[in-house]
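Participant:
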Amino acid sequence: MRFDSYHPMINLIYFVTAIVCAVNFDHPVYLAISFLCAFVYSIKLNGKRSLIFNLCLIPLIGAYTAWYSYYNHFGITNLRMNFIGNQITLEAVTVGIVRGTKIATVLMIVSCIFAVVSADKVVYLFGRISPRLSLYLSILLRFVPRVKQRGRRIELSRRGIGKGCFQGNPLQCLLHMCSFLSILITWTLEDFMDSAASMKCRGYSLRGRTAFSIYRFDNRDRSFVIAIFACITVTFMAVAFNQTSIQYNPMIMMNRITGMSVVFYGAYAVLLLLPMGLQMIGEKRFSAATSKKA
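In our numbering, the protein residues as written are 4 to 297.
This is the structure in structure tokens:
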């Protein structure tokens, strides 16, 4: 029961909500929940490759924080003086961590989107609103993976004849890299020409053309919508009660954490972890069913 098996509209609602909340919430607790949930869910979907990518984002957050605190000076809590004589403040460091964490969280959520939302879902979601937009988005989603696959195939074949991008002296490596890029660009342009000719033959430009889809909104989707909107409602109640905001300038000030705040934190965590939880429950049920048959 993977999240990609649900209706595309549910995928859209979840990821739009996750990105909007991750970008707009400055509160450290909500920020930590967004980061950890995106971290765990991306690993669940993409495995070891996503783990390496997520761990590489952590030093980038530190680098962004260092840059931001060195060149932005506000707040009243001085920590030390930088090399040009300006004070580095705790408030500037904190804001740098917040913004860097937001960027990292959005990148991890986008990696989840690439794993869940396929090209046919994009066509289904935007096809009736704007067929051209849906086509461009589907081409964009397919472009990066196909170029990476072709690049690996080209590099593997050229490496077999001693012309890999990292074989030979520096001048030879540069020439091999130029040849590699020339082949890759030519192959990609030829594929675009073939795709355009294929779309024209299939009547893409004809008026009134419709698209086939296999998606139906069933009871399972309705149950998920009820659960996700319940969590969204509680989260927006936290916004209404000013539980998601914090002040960083001129000093760090936030509302006192109460029992109701913990309820809001839990609802937000459930909102972000709901797809992964359903997937884990489905995998557990499947393994239990297969073990009984065995």
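We put the beta carbon where it would ideally sit given N, CA and C, even for glycine.
Can you say whether Gly167 is buried or exposed, counting buried as having 16 or more other CB atoms within 10 angstroms of its CB?
Facilitator: Its Cβ being crowded by 16 or more others within 10 Å, Gly167 is buried.
Participant: Can you give me the Cβ contacts of Arg145 inside the same chain, cut-off strictly under 6 Å, excluding the 5 residues immediately before and after it?
Facilitator: Only Ala122 meet the Cβ criterion.
Participant: Under a Cβ-count criterion, where at least 16 other Cβ atoms within 10 Å of its own Cβ denotes burial, should Tyr74 be classed as buried or exposed?
Facilitator: Result: exposed.
Participant: When you compare the CB positions of Thr92 and Phe77, do they come within less than 8 Å of one another, or not?
Facilitator: Yes, the Cβ-Cβ distance between Thr92 and Phe77 is below 8 Å.
Participant: For Arg219, does the three-state DSSP call read helix, strand or coil?
Facilitator: In the structure shown, Arg219 sits in coil (DSSP, three-state: anything other than H, G, I, E or B).
Participant: List the whole-angstrom C-beta distance separating Ile231 from Ile16, where the pair is believed to meet the contact cut-off of C-beta under 8 Å.
Facilitator: Yes, Ile231 and Ile16 are in contact; Cβ-Cβ is about 7 Å, under 8 Å.
Participant: In angstroms with no decimal places, state the Cα-to-Cα distance between Met180 and Gly163.
Facilitator: If I take the Cα positions, the gap works out to 15 Å.
Participant: Among the candidates Ile46, Ile217, Gln246, Gly280, whose CA atom is the shortest distance from the CA of Tyr110?
Facilitator: With the sequence shown as reference, residue 110 is identified as Leu, and Tyr is not the correct amino acid for it. Nearest option by C-alpha distance: Ile46.
Participant: Near Ile235, which residues of its chain fall below 8 Å by C-beta distance, leaving aside the five closest residues on each side in sequence?
Facilitator: Around Ile235: Thr20, Leu274.
Participant: With which residues is Asn81 paired in a DSSP beta bridge?
Facilitator: Paired residues: Thr92.
Participant: Could you give the distance in angstroms between the alpha-carbon of Lys51 and the alpha-carbon of Val101?
Facilitator: Computed Cα separation, rounded: 26 Å.
Participant: Would you call the region 36 to 45 and the region 271 to 287 touching, i.e. three or more CB-CB distances under 8 Å?
Facilitator: Short answer: they touch.
Participant: Measuring straight from C-alpha to C-alpha, what distance separates Ser182 and Gly171?
Facilitator: Near 14 Å, if we compare the C-alpha coordinates of Gly171 and Ser182.
Participant: Assuming contact is defined by CB atoms lying nearer than 8 Å, are Gln282 and Phe6 in contact in what I supplied?
Facilitator: Yes.
Participant: Could you tell me which uninterrupted alpha helix (DSSP H) segments, each at least 4 residues in length, are contained entirely in the region 101 to 170, listed from first to last along the chain?
Facilitator: Complete alpha helix (DSSP H) runs here, min 4: 122 to 129, 134 to 163.
Participant: Rounded to whole angstroms, how far is the Cβ of Leu187 from the Cβ of Val150, which I believe are closer than 8 Å?
Facilitator: Yes, Leu187 and Val150 are in contact; Cβ-Cβ is about 7 Å, under 8 Å.
Participant: Mind checking whether Phe18 and Ile112 have CB atoms under 8 Å apart?
Facilitator: The answer is yes: Cβ separation under 8 Å.
Participant: Kindly give me the distance between the Cβ atoms of Leu54 and Ala118, rounded to whole angstroms, as I take these residues to be in contact under 8 Å.
Facilitator: Not really, about 14 Å apart at Cβ, beyond 8 Å.
Participant: Sort Met254, Thr293, Ile249 by Cα distance to Asn27 and report the nearest one.
Facilitator: The candidate whose alpha carbon is nearest that of Asn27 is Ile249.
Participant: Using the C-alpha atoms, what's the distance from Met263 back to Met257?
Facilitator: Computed Cα separation, rounded: 15 Å.
Participant: Measure the beta-carbon distance from Ala25 to Thr80 and round it to whole angstroms, keeping in mind my assumption that it falls under 8 Å.
Facilitator: So it is not a contact: roughly 26 Å between Cβ atoms.
Participant: Between the alpha carbons of Ile309 and Lys124, how many angstroms are there, rounded?
Facilitator: The structure shown has nothing for residue 309, since the chain only spans 4 to 297.
Participant: Going by beta carbon distance, what residues of the same chain come within less than 8 Å of Leu82, once the five residues before and after it are set aside?
Facilitator: Once the five neighbours on either side are set aside, the close Cβ partners of Leu82 are Gln90, Ile91, Thr92, Leu93, Val96.
Participant: Which one or two residues does DSSP pair with Gln250 in a beta bridge?
Facilitator: Answer is Met256.
Participant: Give me the Cα-Cα distance between Leu178 and Thr191, rounded to the nearest whole angstrom.
Facilitator: Taking the straight line joining both Cα atoms gives about 20 Å.
Participant: Can you tell me whether DSSP reads Asp224 as helix, strand or coil?
Facilitator: Helix.
Participant: Helix, strand or coil for His76 per DSSP?
Facilitator: In the structure shown, His76 sits in coil (DSSP, three-state: anything other than H, G, I, E or B).
Participant: Ordered along the chain, which non-local residues of its own chain (more than five positions away) have a Cβ less than 7 Å from that of Phe169?
Facilitator: Cβ neighbours of Phe169 beyond the five flanking positions: Cys176.
Participant: Return the first residue and the last residue of the alpha helix (DSSP H) that Phe183 is part of.
Facilitator: Taken as a continuous stretch (DSSP letters only), the alpha helix (DSSP H) holding Phe183 covers 173 to 204.
Participant: Given a cut-off of 8 Å, decide if Asp194 and His10 are closer than it, judged by their beta-carbon atoms.
Facilitator: Taking 8 Å as the Cβ cut-off, His10 and Asp194 do not qualify as a contacting pair.
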